[in-house]
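To start, the structure under review is shown below, and the notes come after it.
In this note's numbering, the protein residues as written are 1 to 104.
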């Protein structure tokens, strides 16, 4: 099945968190918090401004994003747990470091 969000909504797949801590302690599923990081797998065309023109979204399919702990609505499509949320629920886009660039 395909799903296309409307307006300024996006469909997000949560990125699984680590099962071990840095010290090597394994965290069971029941004690693990849901990750607040995800990957955008579908995005709507954008919201309309006061003049009726479509304002395109800042996020696009494939972006890794950070979102609030209680953001979005959980849905299940083809047996997969996904989140649908508005773009305003997104706190930021996680960008991979560029190869050859040194940290300050």
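Idealized CB from N, CA, C, for every residue including glycine.
Pull up the CB-CB distance for residue 15 and residue 38, whole angstroms please, since I reckon it's below 8 Å.
As a position in the chain shown, residue 15 is number 15, starting the count at 1. As a position in the chain shown, residue 38 is number 38, starting the count at 1. Confirmed, Cβ separation roughly 6 Å.
Checklist line | CB of residue 66 within 8 Å of CB of residue 92, strictly | finding: In the chain shown, residue 66 corresponds to position 66, counting from 1. In the chain shown, residue 92 corresponds to position 92, counting from 1. Less than 8 Å separates the beta-carbon of residue 66 from that of residue 92.
| message | Suppose contacts are defined by Cβ-Cβ distances below 8 Å. Is residue 57 in contact with residue 12 by that definition? | response | Here residue 57 corresponds to residue number 57 of the chain shown, with the count starting at 1. Here residue 12 corresponds to residue number 12 of the chain shown, with the count starting at 1. It is not a contact, given that the beta carbons lie outside the stated cut-off.
Cβ neighbours of residue 50 in the same chain (closer than 6 Å, five flanking residues each side left out): By 1-based counting over the chain shown, the position of residue 50 is 50. Cβ within range, chain order: n/a, list empty.
Expressed to the nearest angstrom, what Euclidean distance is found between the alpha-carbon atoms of residue 64 and residue 74? For this step, residue 64 is matched to residue 64 along the chain shown. For this step, residue 74 is matched to residue 74 along the chain shown. Spanning the two alpha carbons is a distance of roughly 18 Å.
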